[in-house]
Amino acid sequence: MAYHSFLLEPISCHAWNKDRTQIALCPNNHEVHIYRKDGAKWSKVHELKEHNGQVTGIDWAPESNRLVTCGTDRNAYVWTLKGNVWKPTLVILRINRAARCVKWSPKENKFAVGSGSRLISICYFEQENDWWVCKHIKKPIRSTVLSLDWHPNNVLLAAGSCDFKCRIFSAYIKEVEERPSPTPWGSKMPFGELMFESSSSCGWVHSICFSASGSRVAWVSHDSTLCLADANKKMAVASLCTETLPLLAVTFITENSLVAAGHDCYPMLFTYEESQGTLTFGGKLDVPKQSSQRGLTARERFQNLDKKASSDTANATLDTLHKNSIRRISVLAGGKANCSQFCTTGMDGGMSIWDVKSLESALKDLRIK
Amino acid sequence: DAALRGDSLRAFLTAMRSSPGHGKNPAMKEQAQGTMLKVLTSFKSSEIEQAVNSLDRNGIDLLMKYIYKGFEKPTENSSAILLQWHEKALAVGGLGSIVRVLTARKTV
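Given below as C-alpha cells:
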C-alpha cells in the first residue's frame, strides 16, 4: 500500500490519466492541480485556474486525453492539452445551482454533470457550431444529484441523488450515436427515459457504480447501507445495513465484489452472492501498523482515568492509513471486471494506492470472488 | 400486557414483533412506545445480552430506535437501564445502527 500525503487540506476529487502517470486533483479550492509521478515522488506540473468556485468534479478521458471539470460556480470546462498547456473551453450547463459531479461517457463523445438544480446535464459537441451543447434530464429528480456513472453501452446513466433514490436514465443523444441495442434494463431508450428507480432508502445516495458488464448497479447511502440492483434478476435490490459509519464511495472490483470506503477512513470489501441475492461484508481492507504494546505506569493509568474516564490502553489516534474520511475511490488497473489496483483520496489530503493481490495475501480471510 | 408479569424475554420478543413499525397513527405509536419502555425497563441487567442476541439485523435497528425514543422521555430510572440496553445493542449493531436511527424518515 502506497500512501502519499499531497496536502493538508482535503482533496475534493481526483482523476487519473490513461497510463496512471499523472493525477489531477482539486485541493479544496478553485483550482485543479496536476501532479506527475517522478520515480517515487510526485511533482506538480500544471495548475488549472479557470473556475470561480470550488471544483467539485474532475474526469480524465483516457483515449482523447481531455479533462472535464465542474464546480460550484455552475460551470463546466473541457480542457485540451495544446503543447504543454491545458486550454479550457467553457460549457454552458444552464443550471442555477452548483454542479456536483461529472463523468465522461465510455466513448468520450459526451459527458454528464449532476447538479444542485435537481437535474442532469448531458453535454455533447456540436460540430457545426464548434460548441458544446447540453440537454437536461429533469423528471423525476427531486433533489441534488450527487453521483453519476455510465453504463458500458454509452447510453444508460445511473444517478444517485439526495432524494434518497438511485435511478437509471437513458442519455441517448441521436446526434452523436446510433440506437442502442436492448439491455437487461430495458429496450426502449429515448432520451430521458427512466429505466429503473430504487425504492426509498433513508439516506442521500453518495456514490453509485455500474459493474463492468453493466447488468448490476451498486450504491451507498447516508443511512450506512450498501445496495445492489441486478438487472438479470428483474432488477431485484439486495441491501446490506452496515455496522459502520456511512460510506461515501463505492466501486466494483470484479463482477461480484465491491470495495467501499467512507467516514470510517478505511476501505472494505463486500461480496454479492448471485444465487441468493444477498450482500455480505467481506472484511476491512486496511492493514494496521503493529504498535508496540507498552505497559502503562500507574501514574499514566491514573491520568487517563482523570482525563478520559477510561483505563483503556487503546490509542486515541486512528490506526488506519487515511486519517480522515475517504471521499473517492478510483480503479487504477484491471478495470471494474478484474481490478488489481485501486486508489483512494480523502479529507486528510492524502492519496493511497491499494494493491489487491497484496491485500489478499496480507489479510487471511479475504475472499475476492 | 399479561405477558409482562411472566417471562421478560417472551414479553420483549412479542413487543418487538407486534410493534406497528413505522405506522402513521400517533396514538398507536404512543402506546407502542409506552409498552416497549415498560418491557425494556423491566429487564434485569444480566438478561439484556441474551435478549439482544435473539434479534436479527432489522430487530437491532428497531430496538435502537426504541432506545433513543426512550431517552427522549426519561422517567425515574429509565435512563440507566436504557444505557445498558444501548451498550449491548451497539456491540451487535455497530455505529451503523445509530446512523440509521438518525437518518430514518419514519420514526417509531
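In the order they appear, the protein sequences are chains A and B.
Note that the first sequence ends on residue 369 in the UniProt record's numbering; no numbers are left out.
Note that the second sequence ends on residue 108 in the UniProt record's numbering; no numbers are left out.
Note that CB positions come from ideal geometry on N, CA and C, so glycine has one too.
Inter-residue CB distance, residue i and residue j (contact presumed, cutoff 8 Å)
i: residue 124 of chain A; j: residue 176 of chain A; result: 5 Å
i: residue 330 of chain A; j: residue 343 of chain A; result: 5 Å
i: residue 253 of chain A; j: residue 368 of chain A; result: 7 Å
i: residue 212 of chain A; j: residue 335 of chain A; result: 6 Å
i: residue 103 of chain B; j: residue 203 of chain A; result: 5 Å
i: residue 219 of chain A; j: residue 259 of chain A; result: The Cβ separation is near 14 Å, so there is no contact.
i: residue 322 of chain A; j: residue 266 of chain A; result: 7 Å
i: residue 346 of chain A; j: residue 11 of chain A; result: 7 Å
i: residue 270 of chain A; j: residue 240 of chain A; result: 7 Å
i: residue 233 of chain A; j: residue 277 of chain A; result: 6 Å
Residues bridged to residue i [DSSP beta-bridge criterion]
i: residue 3 of chain A; result: A/352
i: residue 29 of chain A; result: In the DSSP output, where bridge partners are listed per residue, residue 29 of chain A has none listed.
i: residue 82 of chain A; result: A/85
i: residue 110 of chain A; result: A/124
i: residue 341 of chain A; result: A/333 and A/355
i: residue 301 of chain A; result: Residue 301 of chain A is not bridged to any residue.
i: residue 44 of chain A; result: A/35
i: residue 239 of chain A; result: A/227
i: residue 136 of chain A; result: A/121
i: residue 195 of chain A; result: Residue 195 of chain A is not bridged to any residue.
Exposure of residue i, with buried meaning 16 or more beta-carbon neighbours within 10 Å
i: residue 33 of chain B; result: buried
i: residue 154 of chain A; result: buried
i: residue 75 of chain A; result: buried
i: residue 96 of chain B; result: buried
i: residue 59 of chain A; result: buried
i: residue 131 of chain A; result: exposed
i: residue 19 of chain A; result: exposed
i: residue 105 of chain A; result: buried
i: residue 65 of chain B; result: buried
i: residue 45 of chain A; result: exposed
i: residue 243 of chain A; result: buried
i: residue 2 of chain B; result: Confidence is the limiting factor: at residue 2 of chain B the pLDDT is only 47, short of 50, which leaves the residue's position unreliable, though a coordinate-based value still follows. So residue 2 of chain B counts as exposed.
i: residue 28 of chain B; result: exposed
i: residue 116 of chain A; result: buried
Alpha-carbon spacing of residue i relative to residue j, whole angstroms
i: residue 223 of chain A; j: residue 21 of chain A; result: 36 Å
i: residue 12 of chain B; j: residue 2 of chain A; result: 50 Å
i: residue 187 of chain A; j: residue 57 of chain B; result: 37 Å
i: residue 43 of chain A; j: residue 355 of chain A; result: 23 Å
i: residue 68 of chain B; j: residue 205 of chain A; result: 25 Å
i: residue 110 of chain B; j: residue 50 of chain B; result: Summary: the structure shown does not reach residue 110 of chain B, with chain B confined to residues 1 through 108, and so no result is reported for it.
i: residue 433 of chain A; j: residue 113 of chain A; result: Residue numbering for chain A in the displayed model covers 1 to 369; residue 433 of chain A lies beyond these limits and cannot be assessed.
i: residue 168 of chain A; j: residue 120 of chain A; result: 12 Å
i: residue 109 of chain A; j: residue 80 of chain A; result: 14 Å
i: residue 292 of chain A; j: residue 256 of chain A; result: Its pLDDT being 49, under 50, residue 292 of chain A is placed unreliably in this model, and the value from its coordinates should be taken loosely. Cα to Cα, residue 292 of chain A sits roughly 37 Å from residue 256 of chain A.
i: residue 67 of chain A; j: residue 361 of chain A; result: 36 Å
i: residue 148 of chain A; j: residue 274 of chain A; result: 24 Å
i: residue 16 of chain A; j: residue 166 of chain A; result: 26 Å
i: residue 143 of chain A; j: residue 160 of chain A; result: 10 Å
i: residue 184 of chain A; j: residue 214 of chain A; result: 9 Å
i: residue 380 of chain A; j: residue 53 of chain A; result: For chain A, the structure presents residues 1 to 369; residue 380 of chain A sits outside this window and is missing.
i: residue 85 of chain A; j: residue 37 of chain A; result: 18 Å
i: residue 15 of chain B; j: residue 89 of chain B; result: 17 Å
i: residue 172 of chain A; j: residue 4 of chain A; result: 40 Å
Exercise. Determine which residues of the region 55–66 of chain B have a Cβ less than 7 Å from any Cβ of chain A, and write them out in chain order.
Key: 57 and 61
Practice problem: Could you run through the region 218–247 of chain A and flag, in chain order, every residue whose CB is less than 7 Å away from some CB of chain B? | Solution: 222, 223, 224, 241, 242, 243, 244, 245 and 246
Quiz item: Mind listing which residues of the region 186–219 of chain A have their C-beta closer than 7 Å to chain B's C-betas, in chain order?
Solution: 202 and 203
Quiz prompt | Residues in the region 84–97 of chain B having any Cβ partner in chain A nearer than 8 Å | solution = 93, 94, 95, 96 and 97
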